[in-house]
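A.B. asks: Here it is, the structure, as structure tokens.
Numbering (my numbering), first residue to last: 27 to 113.
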């Protein structure tokens with residue numbers, strides 16, 4: 027049971043890591059296409075989204091395979107000691 031829960035959390039972390047480049051690519055591709063809708067810009071936007079998808083999957087798999095895992099990586103990213111001492 028513990029292994030299943032741990033694996034589920036790792037997969038959730040991997041999905042969160044993969045989504046950030048994918049969302050950036052979708053927004054960028056959408057801006058490029060909506061600025062001047064044409065077949066060429068549609069292809070360019072599609073290629074940008076595919077690149078974001080590939081980058082997201084690569085990055086998530088890379089972090090998932092390290093010993094500490096995705097949850098450790100996400101906790102390091104979200105930890106900000108600079109904000110802890112603000113008054």
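C-beta: ideal position from N, C-alpha, C; glycine also.
What does the alpha-carbon distance come out to for the pair residue 70 and residue 40?
C.D. replies: Residue 70 and residue 40: Cα-Cα distance of roughly 27 Å.
A.B. asks: Take every Cβ of the region 42-61, pair it with every Cβ of the region 71-79, and state whether three or more of those distances are shorter than 8 Å.
C.D. replies: Cβ pair count under 8 Å is three or more, so yes.
A.B. asks: Where residue 28 and residue 65 are concerned, what is the direct C-alpha to C-alpha distance, given to the nearest angstrom?
C.D. replies: If you take the alpha carbons of residue 28 and residue 65, they lie about 50 Å apart.
A.B. asks: Taking just the CA atoms, how far does residue 31 sit from residue 87?
C.D. replies: Cα to Cα, residue 87 sits roughly 19 Å from residue 31.
A.B. asks: Let me check understanding here. Comparing Cα to Cα, which of 45, 72, 44 lies closest to residue 57?
C.D. replies: Checked all of 45, 72, 44; the closest Cα to residue 57 is 72.
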